[in-house]
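**Student:** Before we start, here is the structure in question, set down as structure tokens.
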Amino acid sequence: MLPTRPGPPELVALIAAEIQAHCGHRLLKCRRIATGWTVVQAVAAVHQLVATDGLPRVSLSERSWKQWEAGLLPSADYQDLICRLFATNPDGLGFARDCSP
2 MLPTRPGPPE LVALIAAEIQ AHCGHRLLKC RRIATGWTVV QAVAAVHQLV ATDGLPRVSL
62 SERSWKQWEA GLLPSADYQD LICRLFATNP DGLGFARDCS P
């Protein structure tokens, strides 16, 4: 089953922040939940993004996604894909920290 399109990025970010504040999950998991996706749907969405945008194929699995949600940092290539998917930057998914004033 193909995932539904996520809502407006600003709204998803607000919902994700509320989930994190109340549940304490990592930001990537909060974004996924705020989008209304299961892990299976999130992985499918990455594969769909790759196909739609003509990007190099990836072999993303549910296991890898779950490891990232548990705190394992994805490679730079996967971080880029996930940031594209959620229309945010690495700090918006907990992959980096924004240290700007």
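Residue numbers (my numbering): 2 to 102.
Note that CB positions come from ideal geometry on N, CA and C, so glycine has one too.
Since this is a predicted model, take the numbers as computed values, not measurements.
1) May I have the straight-line CA-CA distance separating P57 from A46, to the nearest angstrom?
2) Rounded to the nearest angstrom, how far is the Cβ of Q21 from that of L15, given a contact under 8 Å?
3) Report the rounded CA-to-CA distance for T5 versus W38, giving the unit in angstroms.
4) Starting from S65 and walking both ways along the alpha helix (DSSP H), at which residues does that stretch end?
5) Indicate the three-state DSSP secondary structure (helix, strand or coil) for R98 in the structure shown.
6) Could you compute how far the alpha carbon of G8 sits from the alpha carbon of T36?
**Tutor:** Taking the definition as stated:
1) 15 Å
2) Between L15 and Q21 the Cβ distance is about 11 Å, and since that is not below 8 Å, they are no contact.
3) 8 Å
4) Its alpha helix (DSSP H) spans residues E63 to E70.
5) DSSP places R98 in coil when its eight states are reduced to three.
6) 7 Å
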